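The structure appears right after this line, and notes come after that.
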Amino acid sequence: MDAVQGLGKLELSLAALGADSLAISAHKLHGPQGVGALACAVPPAGSAGKGELQPLLYGGGQERGLRSGTENVAGIVGFGEAATRAEARRAITTDVWQELRGTLLAGLAQLPGVSILTPGSQTHAPLPSILAAVFAGPPAEVLMHHLEERGVIVSAGSACQASSEHISPALAALGLSTEEARRLLRISFSHLTTAQDIERLLGALREVRTQLARAASPAATPSTTTKSGTNAGSEGKGA
9 MDAVQGLGKL ELSLAALGAD SLAISAHKLH GPQGVGALAC AVPPAGSAGK GELQPLLYGG
69 GQERGLRSGT ENVAGIVGFG EAATRAEARR AITTDVWQEL RGTLLAGLAQ LPGVSILTPG
129 SQTHAPLPSI LAAVFAGPPA EVLMHHLEER GVIVSAGSAC QASSEHISPA LAALGLSTEE
189 ARRLLRISFS HLTTAQDIER LLGALREVRT QLARAASPAA TPSTTTKSGT NAGSEGKGA
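Have a look at this one:
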């Protein structure tokens, strides 16, 4: 199971999720780039029983024989430290995220043509650090680039397929059409996000959408006429 977004934000449990394995990554915790881990309930290769894992690489037998090659010790230690710190602050950070999310939702409610995506159920609440919304108008990439010019970084679509021309299976499973998926912005919080950041985002969104609306509906330029009422550019002679 892809649990990259949940690490440090939710209490992850293989048993509770009914998963055989969880893939996690350090960069979501401000840890080292390119370092990941697999939390696994499936026994390693050579163990008795079915469902054993098979090695990705063969050689020296490092990482319990599943991925041979010299271990990235600095990356492993950095990942462990980032995960430890994230878990230590998780309860406090979650409360802050809920407040930020409420502020953002209230601000988005004041903008026309915005639909909030609210995944979750009675047993699984939405991730507090992520909010997704479909904006009427141009594709989300247009909004994203205009916001980036103003120093506000957001994402378009699903993280796994943000650069793909096809709708993400995750968004399709939530009932979004292809057109809605193309106009979806994904807004994420970290433990460093502040209320001022949310106000800055809302202000930038208002500014960008006003600018784009004006560009899409330019005022008609009236024709210049002579005293006779003919167009100035016509070849007819005046009285």
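The sequence shown finishes on residue 247 if you use the numbering used here, and the numbering steps up by one all the way, no holes. The beta carbon of each residue, even a glycine, is placed where N, CA and C say it ideally should be. Predicted model, so just to flag it, every value in this text is computed and none were measured.
{"Asked": "Of the choices GLY145, LYS17 and ASP28, whose alpha-carbon is the least far from that of ALA49?", "Found": "ASP28"}
{"Asked": "Using DSSP bridges, identify the partner residues of ALA45.", "Found": "ILE32"}
{"Asked": "Tell me, please, whether the segment 210–217 touches the segment 146–166 by the rule of three or more beta-carbon pairs shorter than 8 Å.", "Found": "yes"}
{"Asked": "Which value, in whole angstroms, describes the spacing of the CA atoms of ILE124 and ILE84?", "Found": "38 Å"}
{"Asked": "Should GLU19 be flagged as near chain B, meaning a C-beta pair shorter than 8 Å?", "Found": "In summary, chain B is missing from the structure at hand, where a single protein chain is found."}
{"Asked": "Are the beta-carbon atoms belonging to ALA11 and GLY86 less than 8 Å from one another?", "Found": "no"}
{"Asked": "Can you give the beta carbon distance from GLN13 to LEU200, rounded, assuming they're within the 8 Å contact cut?", "Found": "Going by Cβ atoms, the distance from GLN13 to LEU200 rounds to 17 Å, so no, they are not a contact pair."}
{"Asked": "For ALA189, count neighbouring Cβ atoms within 10 angstroms of its own Cβ and tell me buried if that reaches 16, exposed if not.", "Found": "buried"}
{"Asked": "Helix, strand or coil for PHE143? Go by DSSP, reduced to three states.", "Found": "strand"}
{"Asked": "In whole angstroms, what is the alpha-carbon distance linking LEU184 and LEU193?", "Found": "13 Å"}
{"Asked": "Exposed or buried, ILE175, counting other C-beta atoms within 10 Å across all chains shown (16 or more means buried)?", "Found": "buried"}
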